[in-house]
Structure formats: structure tokens, C-alpha cells
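Q: What follows is a structure written as C-alpha cells; I'll ask about it next.
There are 2 protein chains.
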Amino acid sequence: MTLQTHRLKNGFRIVTENMPGLKSASIGIWIKAGGRHESIEQNGVAHFLEHMAFKGTKRRSSLQIAEAIEDVGGYINAYTSREMTAYYARVLSDDVDLALDVVSDIVLNPVFSSAEIEVERGVILSEIGQALDTPDDIIFDWLQEVSYPDQPLGRSILGPAERVSNFQKQDLSKFVSENYGPDQMILAAAGGVDHESIVRQCEEIFGNLVSRNQNQLLPGNFSGGEVRHIKELEQAHFALAFEGPNYKNLDIYTAQVFATAFGGGMSSRLFQEVREKRGLCYSIFASAGAYSDTGTLTLYAGTSGDKVSELANITMDEIKRAADNMNENEVARASVQMKAGLLMGLESPSSRAERLARMVAIWDRVPTLDEVVERIDGVTVNSVRNFAASLIGGSPAALALYGPVKDAPSVEELQARLVA
Amino acid sequence: MTLQTHRLKNGFRIVTENMPGLKSASIGIWIKAGGRHESIEQNGVAHFLEHMAFKGTKRRSSLQIAEAIEDVGGYINAYTSREMTAYYARVLSDDVDLALDVVSDIVLNPVFSSAEIEVERGVILSEIGQALDTPDDIIFDWLQEVSYPDQPLGRSILGPAERVSNFQKQDLSKFVSENYGPDQMILAAAGGVDHESIVRQCEEIFGNLVSRNQNQLLPGNFSGGEVRHIKELEQAHFALAFEGPNYKNLDIYTAQVFATAFGGGMSSRLFQEVREKRGLCYSIFASAGAYSDTGTLTLYAGTSGDKVSELANITMDEIKRAADNMNENEVARASVQMKAGLLMGLESPSSRAERLARMVAIWDRVPTLDEVVERIDGVTVNSVRNFAASLIGGSPAALALYGPVKDAPSVEELQARLVA
Numbered sequence: 000m001t002l003q004t005h006r007l008k009n010g011f012r013i014v015t016e017n018m019p020g021l022k023s024a025s026i027g028i029w030i031k032a033g034g035r036h037e038s039i040e041q042n043g044v045a046h047f048l049e050h051m052a053f054k055g056t057k058r059r060s061s062l063q064i065a066e067a068i069e070d071v072g073g074y075i076n077a078y079t080s081r082e083m084t085a086y087y088a089r090v091l092s093d094d095v096d097l098a099l100d101v102v103s104d105i106v107l108n109p110v111f112s113s114a115e116i117e118v119e120r121g122v123i124l125s126e127i128g129q130a131l132d133t134p135d136d137i138i139f140d141w142l143q144e145v146s147y148p149d150q151p152l153g154r155s156i157l158g159p160a161e162r163v164s165n166f167q168k169q170d171l172s173k174f175v176s177e178n179y180g181p182d183q184m185i186l187a188a189a190g191g192v193d194h195e196s197i198v199r200q201c202e203e204i205f206g207n208l209v210s211r212n213q214n215q216l217l218p219g220n221f222s223g224g225e226v227r228h229i230k231e232l233e234q235a236h237f238a239l240a241f242e243g244p245n246y247k248n249l250d251i252y253t254a255q256v257f258a259t260a261f262g263g264g265m266s267s268r269l270f271q272e273v274r275e276k277r278g279l280c281y282s283i284f285a286s287a288g289a290y291s292d293t294g295t296l297t298l299y300a301g302t303s304g305d306k307v308s309e310l311a312n313i314t315m316d317e318i319k320r321a322a323d324n325m326n327e328n329e330v331a332r333a334s335v336q337m338k339a340g341l342l343m344g345l346e347s348p349s350s351r352a353e354r355l356a357r358m359v360a361i362w363d364r365v366p367t368l369d370e371v372v373e374r375i376d377g378v379t380v381n382s383v384r385n386f387a388a389s390l391i392g393g394s395p396a397a398l399a400l401y402g403p404v405k406d407a408p409s410v411e412e413l414q415a416r417l418v419a
Numbered sequence: 000m001t002l003q004t005h006r007l008k009n010g011f012r013i014v015t016e017n018m019p020g021l022k023s024a025s026i027g028i029w030i031k032a033g034g035r036h037e038s039i040e041q042n043g044v045a046h047f048l049e050h051m052a053f054k055g056t057k058r059r060s061s062l063q064i065a066e067a068i069e070d071v072g073g074y075i076n077a078y079t080s081r082e083m084t085a086y087y088a089r090v091l092s093d094d095v096d097l098a099l100d101v102v103s104d105i106v107l108n109p110v111f112s113s114a115e116i117e118v119e120r121g122v123i124l125s126e127i128g129q130a131l132d133t134p135d136d137i138i139f140d141w142l143q144e145v146s147y148p149d150q151p152l153g154r155s156i157l158g159p160a161e162r163v164s165n166f167q168k169q170d171l172s173k174f175v176s177e178n179y180g181p182d183q184m185i186l187a188a189a190g191g192v193d194h195e196s197i198v199r200q201c202e203e204i205f206g207n208l209v210s211r212n213q214n215q216l217l218p219g220n221f222s223g224g225e226v227r228h229i230k231e232l233e234q235a236h237f238a239l240a241f242e243g244p245n246y247k248n249l250d251i252y253t254a255q256v257f258a259t260a261f262g263g264g265m266s267s268r269l270f271q272e273v274r275e276k277r278g279l280c281y282s283i284f285a286s287a288g289a290y291s292d293t294g295t296l297t298l299y300a301g302t303s304g305d306k307v308s309e310l311a312n313i314t315m316d317e318i319k320r321a322a323d324n325m326n327e328n329e330v331a332r333a334s335v336q337m338k339a340g341l342l343m344g345l346e347s348p349s350s351r352a353e354r355l356a357r358m359v360a361i362w363d364r365v366p367t368l369d370e371v372v373e374r375i376d377g378v379t380v381n382s383v384r385n386f387a388a389s390l391i392g393g394s395p396a397a398l399a400l401y402g403p404v405k406d407a408p409s410v411e412e413l414q415a416r417l418v419a
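If you read the protein sequences in the order shown, they are chains Z and U.
Under numbering that gives the first Met the number 0, read the first sequence as residues 0 to 419, first letter to last.
Under numbering that gives the first Met the number 0, read the second sequence as residues 0 to 419, first letter to last.
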């Protein structure tokens with residue numbers, strides 16, 4: 000593997016990794032602009048913009064964008080997260096130049112025709128409807144809202160239907176001018192790629208962009224609380240979050256080891272206790288997510304209405320037990336799972352390109368595998384127990400409940416059980 | 000790449016492919032036993048059995064199974080489809096022997112303790128609840144039921160809650176004795192794997208299994224019809240199926256090229272007409288699936304209740320238009336998409352192992368890439384138009400509707416529109 004990086008004069012960054020033997024490549028542009036960069040009036044505009052990128056540029060119609068990539072058998076896609084928007088393509092190695100041309104065209108030259116905005120509005124309203132129809136999707140939007148209330152970080156990425164119904168060209172252009180500067184952009188590519196050729200192409204395409212000051216992010220203040228939507232569903236959906244480390248805090252590795260040992264696989268405590276021993280659910284997991292200035296430890300399970308109290312209470316008891324007696328074996332296993340998972344993920348050009356972009360966005364460089372392994376190996380049993388203990392002592396929690404959840408405990412009851 | 004195959008005396012087949020440079024591997028056992036092999040009384044037992052494999056063997060408890068694989072950072076999983084059950088693990092290359100030991104243990108030696116059966120019943124009922132809560136999941140079960148009514152092929156894989164509530168050890172054992180013979184089993188492995196070592200291990204583990212006659216499958220008779228579940232949902236979910244070729248019929252390539260050009264990507268006709276031009280939906284696609292003796296061309300879209308009629312009618316009009324004027328460019332693009340997709344998929348050990356098993360199950364050998372490319376290249380514009388035309392002339396259709404679908408057209412109305 001050959002990792003190479005380059006920075007243009009205007010701050011635009013390039014990171015590539017050639018993977019010998021691969022006949023395909025993943026290439027994309029990651030922009031440090033997402034839901035969090037929106038004011039309340041703009042909520043949903045970053046995602047709307049991501050859609051509009053595919054609806055026509057100065058050089059290509061929407062059909063021509065699709066055809067350009069699909070004519071060579073590739074695919075092109077995009078996503079918006081809370082801190083990033085990504086546009087990427089997967090193609091055979093011979094078509095990397097073409098893919099870069101198309102991806103950069105949709106990022107830099109979208110035309111935002113009003114007719115196309117009206118059409119795409121319907122598509123996005125439909126996407127919002129689909130999310131609302133999927134309980135184990137929408138519950139995480141509600142959990143986020145309760146975790147970070149009245150803040151950009153707490154708002155949904157799709158935005159509320161009312162705002163989406165009103166966005167116009169000037170709203171999109173304003174968000175672009177505020178957030179799509181060259182120093183917010185990272186070009187990442189992995190697989191059968193040639194660094195020099197990509198750099199040359201980027202110089203030409205992005206070299207003349209003028210840097211701008213991006214708006215400062217409002218800090219994320221995890222405050223917690225509860226949202227409970229009672230509905231006739233088959234399953235009672237239970238999601239709980241605590242504040243965790245941000246991604247620049249090295250404790251994030253402790254949080255991840257904890258999440259893995261606690262609810263990350265079949266041997267984890269939650270899976271064993273709640274599913275394997277008691278048969279209370281099909282899906283259950285813990286995960287540690289992170290943003291630039293905050294993070295969340297999230298727990299989720301789906302169960303029946305008459306079992307949601309039992310499940311919630313056991314989950315609390317398991318947190319206490321973890322703080323008390325999470326052991327060497329469990330921590331060692333979780334570390335190995337994280338390290339092997341990292342290695343396996345890197346065998347795919349798509350996840351490798353994704354990681355390159357994320358690392359450059361966070362650290363302005365790509366940590367070596369050895370460095371990451373060292374961080375993971377540095378996590379001790381004590382630090383993991385302490386992390387579990389930190390969830391207990393009056394630490395705020397956010398609870399989202401959906402379905403037949405009338406009788407589920409409140410967030411205060413769950414917190415009381417933690418300290419009991 | 001080095002593809003190698005081997006057959007034990009009892010019919011057990013082994014297929015491996017070493018992928019130079021990879022540090023991980025995927026290894027699993029695919030068994031020609033799925034939902035279709037169940038009698039009506041057994042409906043859900045193949046899937047229940049798949050769950051019970053993880054609940055303890057003669058040598059390992061459920062926790063020990065999970066720990067064995069996760070201690071080395073791997074993961075283990077399984078799925079049940081209508082014609083197959085698969086148990087597989089992804090591990091680093093050094094741990095392939097261990098993974099084979101664990102996967103074969105759970106397939107051959109599950110103990111089906113009654114206590115564990117009771118616990119797992121709760122898990123599966125929860126899984127059924129989750130499927131019912133996910134409209135764009137459950138609608139495909141209903142579509143299958145309408146496509147193949149009163150037949151094993153039409154029944155859901157999870158089975159109805161009433162039957163799942165009653166399965167006992169003898170039901171599981173009976174299904175195993177009927178369907179888990181060595182000539183129904185294929186061991187497939189890809190990535191950093193060593194063929195000779197896997198064969199030696201398989202001789203020892205599987206060599207003494209005694210062949211048995213598997214029950215003959217009841218033929219799949221696509222008959223069509225309609226199911227409409229009216230419910231207050233955000234989206235109206237629309238799924239339509241026609242009969243297509245089975246997987247031994249070389250016309251399957253024509254069906255796949257058609258599905259790709261018609262609704263397989265962003266440049267496809269359905270995507271362009273329904274989403275890009277009219278903004279009627281977020282998700283829309285066509286796909287061609289196949290079984291041993293029948294197949295289905297499936298269309299799906301989610302839209303709002305007031306637009307489902309428009310969407311359904313346009314979809315019919317597009318089928319007619321495709322029969323009339325699907326062109327060289329579209330067919331060429333769809334072929335390239337299929338070929339590139341195949342190549343990219345083969346860069347992942349998991350999808351490669353999956354393909355090896357599927358090819359051996361169908362053809363008793365693994366066709367070379369060149370062979371497949373030749374088949375795809377053999378698809379002509381005329382054959383694609385003819386395939387579209389075959390959906391029109393009174394060919395049966397199956398329609399599933401879910402959500403605010405009171406005013407959606409009936410299957411007869413859609414078929415009438417096709418011939419109008």
C-alpha cells in the first residue's frame with residue numbers, strides 16, 4: 000500500500016492509497032459541511048443540496064451525470080452526515096479520471112434550476128416519509144434531538160417537511176458559499192489509483208477556488224431527556240444515549256472498546272444477557288459515535304411492549320455490572336475485534352477511501368495502522384470500567400421510546416436504577 | 000486467483016479460491032435446504048434451525064461459540080433463504096482452521112436443548128415483529144405469497160408466529176434428517192485460504208456423514224394476484240412481480256440486463272422517469288431474482304398515497320415503451336454495469352465465497368469470468384425487448400400494496416393498461 004497526500008495552495012487536500020492488485024477504485028470528495036453547519040432556518044438544506052448535485056451541472060444534465068458513470072459500469076452516490084457531505088464513485092481503475100471529472104462537476108457546478116428543485120422536493124419528502132415509516136431508523140433522529148435539544152447537532156439531517164417544502168435556489172447557493180470552500184474539501188481515493196495523475200487533475204479543477212471562512216460550529220451540549228411516541232407497532236423500540244468522548248479525545252478508544260465488549264457482538268454482555276439468555280429481542284447493540292467536540296454512547300433494542308421494562312432495567316443493571324467487573328478477557332476480545340475489523344475493512348477500496356478522508360478531516364494526516372493498534376492496546380480494564388462508571392453517577396441520559404411503550408420506565412427511573 | 004474444487008466420497012463438495020495479498024478470509028457452509036424444503040406444518044423451521052445452531056453444540060455453549068470466533072476478532076453469521084441455508088465466518092487468514100471448526104460444529108452438532116428452544120422462540124418472534132414493523136421489508140413477503148400462493152415457495156421464511164410458537168426439538172431434528180445430508184452441503188472459502196488444508200479438515204469432519212435422499216421440491220407455480228393492506232403510513236408501498244426465468248435458463252441474463260436497464264441504476268428508465276423527471280418517489284428499483292425452476296422480475300417503489308396511482312400507471316407505460324424501443328446504448332450500459340459489478344464484488348472475500356457456493360449449487364462448477372462475460376455480451380436488444388413484451392400479453396402479475404393504498408389500481412387494471 001502506498002499512502003500519499005498533497006495540499007493545494009488554497010487548502011484543498013488530496014489523499015490517495017494505491018492498493019496493489021485491485022482492478023477497481025473508490026474516489027470521492029468529502030466536505031466538512033453537514034447538518035451541524037445549518038442554522039435552524041436552514042435545517043435540511045445540506046441534504047437538499049446533496050440531492051441537487053445530481054440534478055444537473057453547467058456541463059451535464061441529470062441523465063448525463065448518471066450515464067457518464069454507468070456507461071463504464073460504475074456507480075455514484077452521496078450522503079450527508081452531521082459534520083460532512085460526501086460525493087463518491089466506485090469505478091474500474093481505468094475510469095478513475097472520468098469519475099473524478101464527474102464527481103467534481105456535481106460538487107462545483109450544480110445549476111439548481113427551479114424546475115429541478117420542485118421535482119427533487121417531492122423525492123426528499125418521500126425520503127422523509129420512508130424514514131418515518133421505519134421505526135428503527137427514525138428513533139435515532141429522535142434520540143439525537145433529545146440528546147442535543149435546540150442545537151444544530153440535535154436536528155435531523157433530512158430536515159422537517161415544512162422547511163423542505165420551502166427551500167429555493169438562494170438557500171442552496173447560500174449554504175454552498177458559506178461551506179463549500181477548498182479548505183473544507185478533501186479528495187480521497189483508494190484502490191487502483193495513481194496519485195500523481197489525481198493531483199494534476201485536482202490542481203486544474205480545484206486549484207482556482209478561493210478560500211473562505213467557514214462559520215464556526217455551535218458547540219454540542221449533550222443535555223439529555225426523554226421522548227416517547229406511543230404507537231401501535233409490533234415492537235417496542237428502545238434507544239438510550241449517554242455523552243461520550245469526541246473524536247479527538249483519545250478516550251474514544253476506551254468508549255469503543257467498552258461499546259464492543261458491552262454490546263458489539265454475539266459474545267458481548269448485552270447480547271448474551273438480553274438475547275441469548277432471556278430471548279427478549281432480536282436486535283440489540285451498543286455503539287460509540289463521535290463528533291468534533293462531543294460524542295455519544297448509544298444503546299438500542301427492539302422488543303415487545305410487555306417486555307420493554309424488563310429489557311430497559313436489565314440494560315441498566317448490566318451497565319452497573321460492567322463498571323464493577325468487566326474483565327481482562329472481555330477487554331482483550333473487544334480490542335482484537337476492533338483491530339481485525341479495521342484490517343478487514345481496509346481490504347475494501349470504498350471503506351479505505353472513507354477512512355482516509357475521515358482521518359484527514361480529523362487529524363490532517365492518516366495515522367498508521369500501528370498507531371491505531373497502539374491506541375487500542377493502550378485501553379486497560381480499569382479505563383473501561385471507569386468509562387462504564389462515568390455513565391452512572393448522575394451523568395445525563397437521553398431516552399427515545401417508540402411503539403407500545405406506555406409502560407416503559409422514564410429516563411429518571413432508569414437513572415435512579417443506575418445509582419440504586 | 001486459484002480456484003480449486005474437491006468432492007468427498009459422500010457427495011460433500013468443497014470450493015476454495017485463494018486471493019493473493021488478502022489477510023482475511025471468508026469461509027462457510029451452504030446447504031441446499033431453505034424455506035422451500037418445508038411442508039406447510041414446517042413453515043419457519045429451516046430458519047428456527049439456523050438460529051438454534053448458535054445456541055449450543057455438543058462441544059460448545061452459545062457463549063463459547065461466540066467467544067471462539069470473536070476472540071480472534073472474527074464474526075460469524077447465518078441466513079436462510081428459500082433454497083439455501085448458509086453459515087459463515089469472516090476471520091483473519093491465520094484463523095481459517097478455527098473458523099471451519101466452529102462453523103462445522105454448529106452445523107453438525109447442535110443440541111437443541113428445550114430451554115434454549117424456548118429462549119430462541121422469543122428472539123424469533125421479535126424478529127417477526129421487526130419485519131412487520133418495516134413496510135419495505137414485509138411487503139416482499141406478501142408479494143412472494145401472492146406470486147406463489149399455497150406453495151412452499153410462496154411462504155415466508157420466518158414462518159407465521161403461530162407455528163414458531165409451537166416448534167419443538169423433534170421438528171428441528173426432523174428437518175435436519177430430511178435436508179442436511181452431505182450431498183446438500185457445499186463448503187466455500189475465499190481470501191487468504193489454503194485449499195489442501197481445508198480439504199484435509201473437511202475429510203475428517205464431514206467424511207463420515209451418510210448421504211440421504213432429500214425430499215423433492217414442489218414445483219414453483221407463479222400464478223399472481225393481489226394483496227392490499229390499507230394502513231396509515233407515510234408512504235404507499237407498491238411492489239409488482241412477473242414470472243421470469245429460473246437460474247439454469249440462460250434467459251436469466253436477458254432478464255437481468257432488462258432489470259438493470261429498466262430500474263437498476265440512476266440512468267435506468269424507471270429512475271429517470273419516475274424519480275428524476277416527476278419526483279414521485281425516493282426508492283424505486285427493478286430486479287431479477289431466480290430459483291431452480293422459476294424466477295421473478297420484481298418492481299418496487301414507495302410514494303405518497305395520492306401519487307401511487309400515477310406511479311403505478313407510469314410504470315406500466317414504461318414496460319410497454321421498453322418492449323417497443325429499449326435501445327443499443329441502454330443494453331450496452333446495462334451489460335457493462337453487470338460486468339463491472341461482478342468484478343468489484345469479487346474483490347471482497349465474502350461475496351466471492353458466496354458466489355463460489357452459489358455457482359457450485361447451481362452448476363456443480365464455477366463458471367469463469369470469461370464465460371459469464373460471454374453470456375452477458377450475448378444478450379441482444381431484441382431479446383431484451385422481447386423479454387419486456389413477455390410481461391405484457393396476459394402474463395400473470397402479482398401486486399402487493401401497503402399503506403394509504405385505497406385508491407391504487409388493481410392488478411387487473413394494471414394488466415389492462417399494459418395491453419391497452
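Just so it is clear, CB atoms sit at the ideal spot from N, CA and C, and this is done for glycine as well.
Helix, strand or coil for Gly262 (chain U)? Go by DSSP, reduced to three states.
A: helix
Q: Since Ser172 (chain U) and Ser92 (chain U) should fall inside the 8 Å C-beta cutoff, what is the C-beta to C-beta distance between them, to a whole number of angstroms?
A: With 8 Å as the limit, Ser172 (chain U) and Ser92 (chain U) do not qualify as a contact, their Cβ atoms being about 36 Å apart.
Q: Give the secondary structure of Met18 (chain U) by DSSP, where H, G and I count as helix, E and B as strand, and everything else as coil.
A: coil
Q: Any contact between the stretch 325–336 of chain U and the stretch 144–156 of chain U? By contact I mean 3 or more CB pairs, one from each, below 8 Å.
A: Because the criterion of three Cβ pairs below 8 Å is not met, the stretch 325–336 of chain U and the stretch 144–156 of chain U do not touch.
Q: Chain Z beta carbons: is any one of them nearer than 8 Å to that of Met184 (chain U)?
A: No, because no Cβ of chain Z sits closer than 8 Å to the Cβ of Met184 (chain U).
Q: Going by Cα to Cα distance, which pick from Z:Leu417, Z:Ile26, Z:Pro395 and Z:Lys31 is closest to Cys201 (chain Z)?
A: The candidate whose alpha carbon is nearest that of Cys201 (chain Z) is Z:Ile26.
Q: Which of the three DSSP states is assigned to Ala32 (chain U) in this structure?
A: DSSP places Ala32 (chain U) in coil when its eight states are reduced to three.
Q: Could you please give me the residues that DSSP links to Thr295 (chain U) through a beta bridge?
A: U:Glu242 and U:Gly288
Q: Suppose you measure from the CA of Pro366 (chain Z) to the CA of Met337 (chain U); what does that come to, to the nearest Å?
A: 36 Å
Q: For Leu368 (chain U), is the classification buried or exposed, using 16 other Cβ atoms within 10 angstroms of its Cβ as the cut-off for buried?
A: It is exposed - the Cβ of Leu368 (chain U) has fewer than 16 other Cβ atoms within 10 Å.
Q: Below 8 Å, can you find three or more Cβ-Cβ pairs linking the stretch 375–388 of chain Z to the stretch 218–227 of chain Z?
A: Contact between the stretch 375–388 of chain Z and the stretch 218–227 of chain Z is absent: fewer than three C-beta pairs spanning the two stretches fall below 8 Å.
Q: Quick check: is the beta carbon of Lys405 (chain U) nearer than 8 Å to any beta carbon in chain Z?
A: no
Q: Distance, Cα to Cα, Ile318 (chain U) vs Pro395 (chain U)?
A: 14 Å
Q: Compute the Euclidean distance between the alpha carbons of Met343 (chain U) and Ile28 (chain Z), then round it to the nearest angstrom.
A: 21 Å
Q: Give the interface partners of Thr56 (chain Z) over in chain U, defined as CB-CB distance under 8 Å, in chain order.
A: Those within 8 Å of Thr56 (chain Z) in chain U number zero; the least Cβ separation is about 14 Å.
Q: According to the Cβ coordinates, are Ala238 (chain Z) and Tyr299 (chain Z) closer than 8 Å?
A: Their beta carbons are under 8 Å apart, which means Ala238 (chain Z) touches Tyr299 (chain Z) by this criterion.
Q: Can you find the residues in the same chain that come closer than 7 Å, C-beta to C-beta, to Ser409 (chain Z), ignoring five residues on each side of it along the sequence?
A: Glu225
Q: Using beta-carbon positions only, say whether Ile204 (chain Z) and Ser267 (chain Z) come within less than 8 Å of one another.
A: With respect to Ser267 (chain Z), Ile204 (chain Z) sits apart: the two C-beta atoms are not nearer than 8 Å.
Q: Quick one: which residues of the stretch 26–56 of chain Z get their C-beta closer than 8 Å to a C-beta of chain U? List them in chain order.
A: Taking 8 Å as the Cβ-Cβ cut-off against chain U, the residues of the stretch 26–56 of chain Z that qualify are Phe53 and Lys54.
Q: With a threshold of 8 Å on Cβ separation, who are the neighbours of Met315 (chain Z) within its own chain once the five nearest residues in sequence on each side are excluded?
A: Hits under 8 Å: Leu413, Arg416 and Leu417.
Q: Using 8 Å for Cβ pairs, my map puts Gly262 (chain U) next to Leu269 (chain U). What's the rounded Cβ distance?
A: About 4 Å separates the two Cβ atoms, so the contact holds.
Q: Assign Pro19 (chain Z) to buried or exposed, taking buried as 16 or more other Cβ atoms, counted over all protein chains shown, within 10 Å of its Cβ.
A: Classification of Pro19 (chain Z): exposed, given that the 10 Å Cβ count is below 16.
Q: Name, in chain order, the residues that DSSP records as bridge partners for Ala188 (chain Z).
A: Z:Thr15 and Z:Ile26
Q: Cα separation between Ala360 (chain U) and Gly304 (chain Z)?
A: 42 Å
Q: May I have a chain-ordered list of the alpha helix (DSSP H) segments no shorter than 4 residues that lie completely inside the stretch 383–416 of chain U?
A: none
Q: Report the CB separation of Gly301 (chain Z) from His236 (chain Z) in whole angstroms; it is logged as a contact under 8 Å.
A: 5 Å
Q: Do the CB positions of Asn17 (chain Z) and Val192 (chain Z) come within less than 8 Å of each other?
A: yes
Q: So with CB distances below 7 Å, who are the chain Z contacts of Val307 (chain U)?
A: Neighbours of Val307 (chain U) on chain Z: none; closest Cβ ~11 Å, over 7 Å.
Q: At what residue ranges does the stretch 23–103 of chain U contain a whole run of the beta strand (DSSP E), taking only runs of 3 or more?
A: 23–30, 74–79 and 84–91
Q: Helix, strand or coil for Ile313 (chain Z) per DSSP?
A: helix
Q: Looking at C-alpha atoms only, which residue of Z:Leu232, Z:Gly34 and Z:Asn381 is the closest neighbour of Val307 (chain Z)?
A: Z:Leu232
Q: Identify whether Gly224 (chain U) lies in helix, strand or coil by the three-state DSSP scheme.
A: Three-state DSSP puts Gly224 (chain U) in a strand.
Q: Taking the DSSP output, what are the residues bridged to Arg6 (chain U)?
A: U:Arg12
Q: How many angstroms separate the CA atom of Ser286 (chain U) from the CA atom of Ala240 (chain U)?
A: 10 Å
Q: With a threshold of 8 Å between beta-carbons, can Thr295 (chain U) be considered close to chain Z, or not?
A: no
Q: For Asn165 (chain U), does the count of other Cβ atoms within 10 angstroms reach 16, so buried, or fall short, so exposed?
A: exposed
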